[in-house]
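Peer 1: Mapping of the sequence shown onto full-length UniProt numbering: residues 1 to 357, in sequence order.
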Amino acid sequence: MLLLYYAVAAGAAAIHPLREAEIAEIRERTSLWTPGETRFSKFAPGVSKWLNGVKGEWKMEVAIALAAGEIERFESSISVPDSFDSATQWPECEKIINDIRDQSNCGCCWAFAGAEAASDRMCISNGGGEMVPLSAQDVCFNSNRDGCDGGQITTPWTYVRSTGAVSGGQYNNSGPFGSGLCSDFSLPHCHHHGPQGDDPYPDEGDPGCPSESSPDGPTACDSDANETHADFANDKYSFSGLVQAATGETRIMQLIYEGGPVETAFTVYSDFEDYVSGIYEHVSGSYAGGHAVKITGWGVENGTKYWKVANSWNEYWGEDGFFRIKKGTNECGIEDEVTASPATTTWSKAGKPLVDY
Ligand SMILES: *[C@@H]1O[C@H](CO)[C@@H](O)[C@H](O)[C@H]1NC(C)=O
Ligand SMILES: *[C@@H]1O[C@H](CO)[C@@H](O)[C@H](O)[C@H]1NC(C)=O
Ligand SMILES: *[C@@H]1O[C@H](CO)[C@@H](O)[C@H](O)[C@H]1NC(C)=O
1 MLLLYYAVAA GAAAIHPLRE AEIAEIRERT SLWTPGETRF SKFAPGVSKW LNGVKGEWKM
61 EVAIALAAGE IERFESSISV PDSFDSATQW PECEKIINDI RDQSNCGCCW AFAGAEAASD
121 RMCISNGGGE MVPLSAQDVC FNSNRDGCDG GQITTPWTYV RSTGAVSGGQ YNNSGPFGSG
181 LCSDFSLPHC HHHGPQGDDP YPDEGDPGCP SESSPDGPTA CDSDANETHA DFANDKYSFS
241 GLVQAATGET RIMQLIYEGG PVETAFTVYS DFEDYVSGIY EHVSGSYAGG HAVKITGWGV
301 ENGTKYWKVA NSWNEYWGED GFFRIKKGTN ECGIEDEVTA SPATTTWSKA GKPLVDY
């Protein structure tokens with residue numbers, strides 16, 4: 001294994017001089033996070049631009065939806081602790097909160113982060129009674145015609161609220177929820193960034209992980225769906241009340257503390273492509289795009305406050321699929337706006353409240 005790794009590293013993947021300079025600069029300028037030679041090391045910084053699928057200015061989009069009364073501003077005065085992890089707070093939903101998914105070679109981050117956070121909040125709201133992953137396939141390809149080309153952080157939530165999302169697991173029945181759900185993600189796993197390590201999946205762009213255009217949105221469940229998830233119209237999960245948006249460190253903590261993980265977006269600079277572990281702060285490199293992710297908690301390490309964030313680049317990436325980023329300084333706009341279902345809401349399946357099941 002080791003030999004193969006070195007052969008690859010020394011051969012095809014020689015480090016690009018600009019990348020080498022960027023990594024050296026990160027090492028010099030921050031001790032909060034560790035960069036490394038990754039899949040991207042053979043390319044000049046900025047190559048991941050096309051991966052990051054949040055369109056335009058998410059702050060503006062949220063402001064427009066608020067002004068139109070389509071969503072509402074979350075308000076709270078609850079006090080929150082210095083450290084908090086949704087998976088520890090709600091152990092009955094830990095399995096779904098820590099379910100790291102894989103968006104494949106498709107700019108569907110906006111749908112993954114929303115479907116994931118909505119699944120967690122539904123589970124938490126029902127005390128663990130309904131632990132079902134909501135389908136990224138349904139949310140990405142039915143709520144927005146642009147699918148793999150990008151979307152907004154409000155779209156998944158307004159779609160789940162008004163139309164409902166069916167259940168759906170990971171590609172080819174992989175992941176902690178296995179088989180039997182209505183509409184699994186149809187695009188293959190890929191190795192995204194970071195050292196290859198034990199990641200068995202092909203690199204983006206290599207055979208097995210081609211650049212994807214959006215398939216048609218599903219209108220029926222997969223043929224291997226179990227009886228309880230086999231009828232598309234009857235497998236639609238939705239919630240009541242308006243979608244909520246929170247801004248700023250305190251409100252975001254309160255929104256998570258009251259109801260679980262939330263969707264956010266942040267600006268990716270090319271140094272994020274070098275992330276291996278630690279508390280990310282932007283130190284070097286140019287703008288590469290917007291990326292949507294799910295915040296699950298926060299904490300403090302050696303006096304530095306951070307958010308704990310689930311990415312959708314599979315569980316081999318970063319810190320077991322998560323990364324941490326500096327909290328309280330609106331690092332890369334991560335505290336600009338987050339979106340979620342209300343903490344006090346009623347979740348339904350095909351119009352019937354889940355508490356009645
Ligand atoms: C905190 O300190 C420990 C021990 O020195 C170190 O291993 C770790 O990397 C530090 N973490 C951060 C985020 O600086
Ligand atoms: C799907 O999963 C099965 C069993 O886990 C595996 O044998 C098969 O190779 C996978 N197929 C693809 C296309 O990944
Ligand atoms: C579907 O049924 C199979 C076989 O009984 C079971 O292993 C699996 O957990 C079920 N999946 C769901 C989502 O209920």
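Idealized CB from N, CA, C, for every residue including glycine.
None of these values were measured; they are calculated from a predicted model.
Please tell me whether W33 and Y269 are closer than 9 Å, where the distance is taken between their beta carbons.
Peer 2: no
Peer 1: Identify whether Q137 lies in helix, strand or coil by the three-state DSSP scheme.
Peer 2: In this structure, Q137 counts as helix in the three-state DSSP scheme.
Peer 1: Please confirm whether any heavy atom of ligand 3 lies closer than 8 Å to the CB of F74.
Peer 2: no
Peer 1: Given the structure, does G278 come close to ligand 1, in the sense that its CB is under 8 Å from one of the ligand's heavy atoms?
Peer 2: yes
Peer 1: How is R251 classed by DSSP in three states: helix, strand or coil?
Peer 2: DSSP places R251 in the helix class (H, G or I) of the three-state scheme.
Peer 1: If you run the structure through DSSP and keep just helix, strand and coil, what is S270?
Peer 2: Correct three-state label for S270: helix.
Peer 1: By the three-class DSSP mapping on this structure, what secondary structure does S31 have?
Peer 2: coil
Peer 1: Any heavy atom of ligand 3 closer than 8 Å to the Cβ of F232?
Peer 2: no
Peer 1: If you check the beta carbons only, do Y306 and P81 fall under 9 Å apart?
Peer 2: no
Peer 1: With DSSP as the reference, identify every bridge partner of K352, one or two as the case may be.
Peer 2: Beta-bridge pairing by DSSP links K352 to K349.
Peer 1: Quick check on the DSSP output: what are the complete alpha helix (DSSP H) runs of length 4 or more inside the segment 45–112, in order along the chain?
Peer 2: 58–67, 86–89 and 94–97
Peer 1: Would you mind sorting R29 into buried or exposed? The rule is 16 or more other CB atoms within 10 Å of its CB.
Peer 2: exposed
Peer 1: By alpha-carbon positions, which one of S284, S238 and A14 ends up nearest to P353?
Peer 2: S238
Peer 1: Does the Cβ of T88 lie closer than 8 Å to at least one heavy atom of ligand 3?
Peer 2: no
Peer 1: Put I256 into one of helix, strand or coil per three-state DSSP.
Peer 2: helix
Peer 1: Should H291 be counted as a contact of ligand 3 given a C-beta to heavy atom distance under 8 Å?
Peer 2: no
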